[in-house]
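These notes concern the structure reproduced below.
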Amino acid sequence: MGRTVVVLGGGISGLAASYYLSQAPCPPKVVLVEGSERLGGWIRSVRGPDGAVFELGPRGIRPAGPLGARTLLLVSELGLDSEVLPVRGDHPAAQNRFLYVGGSLHALPSGIRGLLRPSPPFSKPLFWAGLRDLTTPRGKDPDETVHSFAQRRLGSEVASLAMDSLCRGVFAGNSRELSIRSCFPSLFQAEQTHRSILLGLLLGAGRGPQLDSALIRQARAERWSQWSLRGGLETLPQALNAHLTSRGVTVLQGQPVCGLSLQAEGRWKVSLGDSSLEADHIISAIPASVLSKLLPAEAAPLARALSTITAVSVAVVNLQYRGARLPVQGFGHLVPSSEDPVILGIVYDSVAFPEQDGSTPGLRLTVMLGGSWLQTLEARGCVLSQELFQQEAEKAAATQLGLNEPPSHCLVHLHKNSIPQYTLGHWQKLESAAQFLAAQKLPLTLAGASYEGVAVNDCIESGRQAVARVLGTEPNS
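If you want it as structure tokens, here you go:
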């Protein structure tokens, strides 16, 4: 009888892992177990009354690099090429990103000319930050906070405005707590290998064999900055689910796992309340802290390491305005914590993907709220009402973008513990987990956003890498 692999978690990581298992030359029996009634995890697209698409989670995927190319390959394999909505390199959403500082929107400089010119909110041209990077010696610590790293290499303004905002935009986190090594590994490696971020990024690009497909070639030729799908990004998990079903993968929804135990012959027993499954191997694509509570006593050291990988909540408010215009055209803007502790940033959805605007002419925005403000409210046990988030979002749209009329449509969602925080020393937690799994020869492989990247591309790649380890194939094949 063939092996059975149970995949825990039906978000994009678990779906990707199940997909790559089903594509193996001699695929094992695959069972995907999802605790909620829907698949896709934080990727969720809903339609408004006029057909407009609102993304409650991720809203665009970057095509850059090997991981971006691999996701485009997956899209083609699923037959979704005709659904792709690209943001080409010459589009305002690709060229213009803003910071909201000092009560004003400031375009982030781009290109050599932009680096040489004075560019508020920075007091000096960013050329000087680049010069500082080229003359700063390599750091000696095995890890460092993002703020400390950026301040040391690029100066205090870049650290407190740009990198602070970036950490809030990507991780909804605090740059003074997050790890440079784990959150931005390309920057960390650039310094380690080339003693400079700039040199490392310039000299380290374009290495290794490149994946190829018609869609990948188009993305490179047109210099796409990101892409979505016509019906919203949730089309991707839906297509994966349909493919898995057609390949004979068992997909269980509304079946929360309540415990994992090892049996005498080394197989797993997966308890699902009033039923159970047996597995030769488990790929866990659920959050690390959730898995830590399910592990058996024999895996207590692993559970301890995983329980320290925490996550923060984010409130997402989708707003639609009839007949409104933005003061600027671009992807959106980020807000440093010194400017507004409540608002992480605002994405101008209608600029990047006007095809999703629906039948009524209007403007779609997404306001992200979180950071220390939300963490404090949660810690105090405050009532987190939809009205509170909507009020703060509308106030930000009015103050920061001049949209003073009430929106014609509004959606509010609080995503609790949705973004893992790779705090200082995160790499040691991963190393400790890997060492325990290897030493105990535990038939368990970790995947998902808790470990090595929170973006959609990272999650898909984590599922693929997990499968490569389970099947004993080369992880970079």
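Under full-length UniProt numbering, the sequence shown has 304 at position 304, and the numbering climbs by one with no breaks.
Ideal placement from N, C-alpha and C gives every residue a C-beta, glycine not left out.
What you are looking at is a predicted structure, and each value in this text was computed from that prediction instead of being measured.
Best match in the options for proximity to residue i [C-alpha to C-alpha]
i: H426; options: P27, Q375, I460 and I309; result: I309
i: V33; options: V6, G232 and G41; result: V6
i: A311; options: I197, I419, V158 and L430; result: I419
i: R217; options: D274, L202 and A64; result: A64
i: L154; options: F127, G114, C410 and A438; result: F127
i: G259; options: I12, A93 and A303; result: A303
i: G345; options: V317, Q255 and S271; result: V317
i: Q255; options: V347, D274, F436 and Q440; result: D274
i: M163; options: S225, P336 and L388; result: P336
i: S22; options: P92, V251, Q263 and L291; result: V251
i: S225; options: N417, Q421, G463 and A69; result: A69
i: L105; options: H194, S82, V342 and L161; result: L161
i: V170; options: P142, V257 and I61; result: I61
i: G370; options: V342, A159 and A379; result: V342
i: W268; options: C183, L294 and L134; result: L294
Extent of the continuous alpha helix (DSSP H) to which residue i belongs
i: T376; result: G371 to A379
i: Q226; result: Careful: Q226 lies outside any alpha helix (DSSP H), inside the beta strand (DSSP E) at Q226 to L229.
i: K293; result: A288 to L294
Residue i, DSSP secondary structure in three states
i: H426; result: helix
i: Q189; result: helix
i: Y20; result: helix
i: Q386; result: helix
i: R322; result: strand
i: P86; result: strand
i: E278; result: strand
i: N476; result: Because N476 sits at a pLDDT of 45, beneath the cut-off of 50, its placement in the model cannot be relied upon, and the point is left open.
i: W42; result: coil
i: N241; result: helix
i: H333; result: strand
i: M1; result: Confidence at M1 is low in this model, with a pLDDT of 49, below 50, so its placement is unreliable and the value that follows should be read with caution. It is coil, neither helix nor strand.
i: G114; result: helix
i: H194; result: helix
i: H91; result: coil
i: P27; result: coil
i: P142; result: coil
i: V270; result: strand
i: G173; result: coil
CB contact flag (residue i, residue j, <8 Å)
i: Y100; j: Q428; result: no
i: L166; j: L334; result: yes
i: G200; j: A190; result: yes
i: E55; j: T360; result: no
i: Q253; j: L15; result: no
i: V412; j: Q386; result: yes
i: L442; j: A305; result: no
i: S307; j: S292; result: yes
i: S313; j: H415; result: yes
i: G362; j: Q320; result: yes
Element boundaries [beta strand (DSSP E), containing residue i]
i: H281; result: H281 to S284
i: C459; result: Note, C459: premise wrong, no beta strand (DSSP E); alpha helix (DSSP H) at V456 to L471.
i: F98; result: F98 to V101
i: F54; result: V53 to E55
i: G259; result: G259 to L262
i: L161; result: Note, L161: premise wrong, no beta strand (DSSP E); not H, not E.
Pairwise C-alpha distance: residue j and residue i
i: T384; j: A468; result: The question names Thr, but residue 384 is Leu in the sequence shown. Spanning the two alpha carbons is a distance of roughly 42 Å.
i: A315; j: G35; result: 22 Å
i: L74; j: V31; result: 20 Å
i: L178; j: G2; result: 43 Å
i: I286; j: E222; result: 36 Å
i: Q95; j: P118; result: 18 Å
i: E431; j: T423; result: 14 Å
i: Y19; j: H243; result: 8 Å
i: R181; j: E144; result: 7 Å
i: E278; j: G103; result: 58 Å
i: E392; j: G231; result: 28 Å
i: P475; j: I460; result: Low local confidence applies: a pLDDT of 47 at P475 is under 50, so the model's placement there is unreliable, with the coordinate-based value given in what follows. C-alpha separation (whole angstroms): 13 Å.
i: N457; j: R325; result: 32 Å
i: V46; j: V53; result: 6 Å
i: V328; j: Q435; result: 50 Å
i: L116; j: P125; result: 5 Å
i: L377; j: Q263; result: 43 Å
i: A455; j: I197; result: 22 Å
i: A172; j: Q440; result: 35 Å
i: S82; j: R97; result: 28 Å
i: L471; j: A150; result: 40 Å
i: I43; j: P58; result: 6 Å
i: G358; j: G139; result: 51 Å
i: P66; j: L72; result: 10 Å
i: L236; j: L229; result: 8 Å
i: Q210; j: S261; result: 42 Å
8 Å Cβ cutoff, residue i in contact with chain B
i: P327; result: Reference to chain B is not applicable here, since this structure consists of a single protein chain.
Proximity test, residue i beta-carbon vs the ligand PLP heavy atom, cut-off 7 Å
i: F331; result: Looking at this structure, you won't find the ligand PLP or any other ligand, since it has none at all.
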